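Below: one structure, written as structure tokens.
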Amino acid sequence: MKPGEKKYPHIFRPFRIGKMEMKNRIKYASTETNFNYGDGFVSDKEVAYMEAQARGGAAIVTTQGAYTDPRGEGKGYVGMMGIWDDKFIPGLKRIADVIHKYDAKAVLQLMHCGRVGGIELDYTVGPSVVKQRIPRFREPREMTVEQIETAIQEHIDGALRCQEAGFDAVEISGIVGYLVSNFISAYTNRRTDAFGGTVEKRAEFMRRIVAGIRKAVGPDYPIIIRLCGDELLHDRGGNTPEESLQVIQIAERAGIDCLSVTAGWQESAVSVISRDVPMGTWLPIAERMKKNLKVPVAMAYRLFLPGIVEEAMRANRLDIWEMCRPMIADPFLPNKILEGREEEILPCMACNICLARLFRDAELCCFVRPSLGHESEPEYGFYGFAKAARPKKIWIIGAGVAGLQVGAIAAEKGHQVTITDRADHTGGQLAAAAHGPWGDDEFLRLVRYLEHRCRKFGVKFELGRTVTKEEVKASDADEVVIATGAVPRTDIPGADGKNVVSCLDLFEGRAKVGRRVVILGDGGVAISTALLLLHRGGHEVTLVGPAKKPGRDVNPSYIWRYMSKLKEGKAVLVMQTKVEAITAEGVAVVAPDGPKTIPADTVVLAEMRSVQDLAKARKGVAVVGDALLPRRANAAILDGYRLGMRL
Amino acid sequence: MVPTIDAFRCDGCGVCVQRCPPQIMGLIRGKAALLTDLCEECGICAEACPIGAIRFRLPHRDFQPKHDAYRPVPR
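Line order of the protein sequences matches chains G and U.
Numbering of the first sequence is given in our numbering, commencing with residue 1 and proceeding in unit increments.
Numbering of the second sequence is given in our numbering, commencing with residue 1001 and proceeding in unit increments.
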């Protein structure tokens, strides 16, 4: 018995969906990648990514959604796979084969993106003309009954191609704003014909697809459907949770074998999958489905840790653990849990960069794993880095995430690595940021992972030691890497005053602040500082910066949450404003409406600058992360990884 | 995928330089340029370019019958 089976008996107990046997209860859930060719053909890159997922140990690997229509109306992502013609079958078969090769079950998802589709067309379709909330998307055209009938048939044809390509089951996507969900939701379906009106009529499109596929594929071929358990669109007239349950029960009667239940739409105005949503928040939805259905219930959505899932399975609230982002970050997550190597899991930070990239027609990308999409390229070391021909002595100064990332790769390659840091702990700014509210303590998981990785490959740590220029100059290391991070800028008159504190000191609890706080900066760091103070309470927060709006460097999937939290906390934003000086009374600024003084008890410096003191100590050093240029943590990881690959 | 800049079309307006989140773009001889090593491949520069001089598109390869993967399936 493997350690994981002992610790998580429910997760690793074999299971079945219909007649499909599963070796455990983990399912890699469907995720778009934009890795495929623009014309819908499967690319080598996609196959390599699917292979990584299959090798990782999940019982089921689901492909990304494939669009079912030749017109491209269902295509919502530039690199989405197509399944609208037999010519796609050989490529799809490659995916099914590679998944089977590693003893996993292959499931293909059919997805018509509906009102968020038509990526390459000048129009998009939906059940009714309803305006979009998100600016990227367009108002759809209303589908005719004939077009609806065609779409149903195309889904059925798609399922047959899926079967022919050798997949073990077919999955239908009916969530977050794609076509099936558009019909189901009272928000987007305003029809008065056979496909709109009552819950039954709104569910008719979905029911016809499920029943049609069932008839076509035979009684034993498993059909999985993803449906919303709660649309979280109350403010827009979406379905109530009761209506959602009714729809799901209609799906069960129509012949599904498994339900994958989700929460929220892309257009929902509440956080659903970001870090501020505690893990396990949505389990009550799964539990409700379990109580009302006979078919197994699967769920993804902020279930990142096996302990939470094991507990839910034990309490009969969930049957199958689905994961997208945690397995994008680390495809080997299931095997690492099984083998009792949980500390080796590369943790997802729920940063949603993956989604932001997809929505900008870029390839899927991951904050914590730069090897994503490069699984077949040995230089990216996804399956391990090759040993260096000539091991070098490498000295890394700075144990922040950039330094740790360089060190982890260099050591894995067999180099002799030392990491030195002034602080008595690793993690640098990310460790400081982990003191932030709303789930930011999860950052420590990444720091711990990188440190563990370094230690595993024998990196020598020298913590609590400050390095001088002379030491760098005199060092016998073959390579010196400067990863000394960033600190707040202090080049403002009065920045040395008693009422001035550094944002890093504030995060790490070394600084006290008064009631009225002015934060100098307009980037993500300044926003985080504001959020920290608002969360603690008792502060009146003002943000002052030169930009038009704050947070240019913040991921679009997070900035709206942050802005609404700033608004809730009544933070005052003084933008397009130059800081002249800090005085005992507050901050003297030149705002668009002229010079003035913003009163403050405490001024927090939160505009970062690189710490490069050691970079010029000798020629040929490498500088990475914020020491090179202050950016977000994903850039620090990316720098560290890219340099590590070259060492 | 790092964006590519069409130097023949770029008119040096600098909008991309302004919008690039990690601020790794600049103008060289009046044309946009970027530090590829530091590029996070987010595509915002391409979205911002008012004249479409920055290319950030996935490969649109047509059906390649020569490729092994696309041999017809025996029926």
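C-beta: ideal position from N, C-alpha, C; glycine also.
These numbers come from a predicted model, not from an experiment.
1. Going along chain U, which residues have a C-beta under 7 Å from Leu638(G)?
2. Under 9 Å, CB to CB, which of the residues in the segment 1042-1059 of chain U have a partner in chain G?
3. Compile a chain-ordered list of the residues in the segment 1005-1016 of chain U whose CB is closer than 7 Å to at least one CB of chain G.
4. Should Ala159(G) and Ile99(G) be called a contact, given that it needs their Cβ atoms to be closer than 8 Å?
5. Would you tell me roughly how many angstroms separate the C-alpha atoms of Pro1065(U) and Gly166(G), rounded to the nearest one?
6. Going along chain U, which residues have a C-beta under 9 Å from Asp553(G)?
7. According to DSSP, simplified to helix, strand and coil, what is Asp1037(U)?
8. Just how far apart, CA to CA, sit Leu318(G) and Met289(G)?
9. Reducing DSSP to helix, strand and coil, say where Ala636(G) ends up.
10. Should Pro127(G) go down as buried or exposed, given a rule of 16 or more other Cβ atoms within 10 Å for buried?
11. Measure the C-alpha to C-alpha separation of Leu531(G) and Gln249(G) and round it to an integer number of angstroms.
12. Could you check the C-alpha separation between Gln153(G) and Phe195(G) for me, to the nearest Å?
13. Beta-carbon within less than 6 Å of Leu444(G)'s beta-carbon, same chain only, minus the 5 sequence neighbours each way: which residues are those?
14. Report the three-state DSSP secondary structure of Phe1063(U) (helix, strand or coil).
15. First and last residue of the beta strand (DSSP E) that includes Glu540(G)?
16. List, in chain order, every chain C residue whose beta-carbon is nearer than 9 Å to that of Arg360(G).
17. In this structure, does DSSP put Gln1023(U) in helix, strand or coil?
18. Grouping DSSP H, G and I as helix and E and B as strand, with all else coil, what is Asp1011(U)?
19. For Val247(G), which residues in the same chain have their Cβ closer than 8 Å to its Cβ, ignoring the five residues on either side in sequence?
20. Roughly how many whole angstroms lie between the Cα atoms of Val518(G) and Pro630(G)?
21. Label Pro139(G) either buried or exposed according to how many other C-beta atoms from any shown protein chain fall within 10 Å of its C-beta, with 16 as the threshold for buried.
22. Using Cβ-Cβ distances below 8 Å, what residues of the segment 613-638 of chain G are close to chain U?
23. Measuring alpha carbon to alpha carbon, tell me which of Gly218(G), Leu110(G), Ala526(G) ends up nearest Ile172(G).
24. Between which two residues does the alpha helix (DSSP H) containing Ala671(G) stretch?
25. By Cβ distance below 8 Å, which residues in the same chain neighbour Lys294(G) in space, the five residues on each side in sequence not counted?
26. Within a Cβ cutoff of 6 Å, which residues of the same chain sit near Gln1018(U), ignoring the five residues on either side of it in sequence?
27. When burial is assigned at 16 or more other CB atoms within 10 Å of the CB, is Ile1028(U) buried or exposed?
28. If you measure from the beta carbon of Arg357(G) to each beta carbon in chain U, is any gap under 8 Å?
29. Helix, strand or coil: which one does DSSP assign to Arg16(G)?
30. By how many angstroms is the C-alpha of Thr466(G) removed from the C-alpha of Val501(G)?
31. Run through chain U and tell me which residues come within less than 7 Å of Arg642(G), C-beta to C-beta.
32. Are the CB atoms of Gly640(G) and Val428(G) within a distance shorter than 8 Å?
33. Please classify Arg1077(U): is it buried, with 16 or more other beta-carbons within 10 angstroms of its beta-carbon, or exposed?
34. For Ala1007(U), I'd like the list of residues in its chain whose CB is within less than 7 Å of its CB, leaving aside the five on either flank, ordered along the chain.
35. According to DSSP, simplified to helix, strand and coil, what is Trp560(G)?
36. Using 8 Å as the Cβ pair cut-off and three pairs as the minimum, do the segment 306-315 of chain G and the segment 4-15 of chain G touch?
This is what the structure gives:
1. Glu1040
2. Cys1042, Gly1043, Ile1044, Ala1046, Glu1047, Phe1056, Arg1057, Leu1058, Pro1059
3. Answer set for the segment 1005-1016 of chain U: empty.
4. no
5. Annotation note: pLDDT 45 at Pro1065(U) (below 50); position unreliable, coordinate value reported separately. Each residue's alpha carbon lies about 21 Å from the other.
6. Pro1021, Pro1022, Gln1023
7. helix
8. When rounded, the distance between both Cα atoms is 9 Å.
9. helix
10. buried
11. So the alpha carbons of these two residues sit roughly 42 Å apart.
12. 15 Å
13. Ala434
14. With a pLDDT of 46 at Phe1063(U), under the threshold of 50, the predicted position of this residue should be treated as unreliable, though the coordinate-derived value follows. The answer is coil: DSSP assigns Phe1063(U) none of H, G, I, E or B.
15. Annotation for Glu540(G): the continuous beta strand (DSSP E) segment containing it runs 540-544.
16. Annotation note: the requested chain C is absent from the structure, which comprises protein chains G and U.
17. In the three-state scheme derived from DSSP, where H, G and I count as helix and E and B as strand, Gln1023(U) is classed as coil.
18. Look at Asp1011(U) here: in three-state DSSP terms it is coil, with no helix or strand label.
19. Ile184, Val199, Arg202, Ala203, Met206, Leu227, Asn239
20. Going by the C-alpha atoms only, they are around 21 Å apart.
21. First, the residue type needs correcting, since residue 139(G) is Glu and not Pro in the sequence shown. It counts as exposed.
22. Leu628, Leu629, Arg631, Arg632, Asn634, Ala635, Leu638
23. Leu110(G)
24. Not covered by the structure: residue 671(G). The range shown for chain G is 1 to 647.
25. Glu252
26. Hits under 6 Å: none found.
27. exposed
28. Yes, its Cβ sits closer than 8 Å to a Cβ of chain U.
29. Strand at Arg16(G).
30. 22 Å
31. Asp1037
32. Checking the sequence shown, residue 428(G) turns out to be Gly, not Val. Taking 8 Å as the Cβ cut-off, Gly428(G) and Gly640(G) do not qualify as a contacting pair.
33. Residue 1077(U) lies beyond the range of chain U shown here (1001 to 1075); nothing can be said about it.
34. Lys1031
35. helix
36. yes
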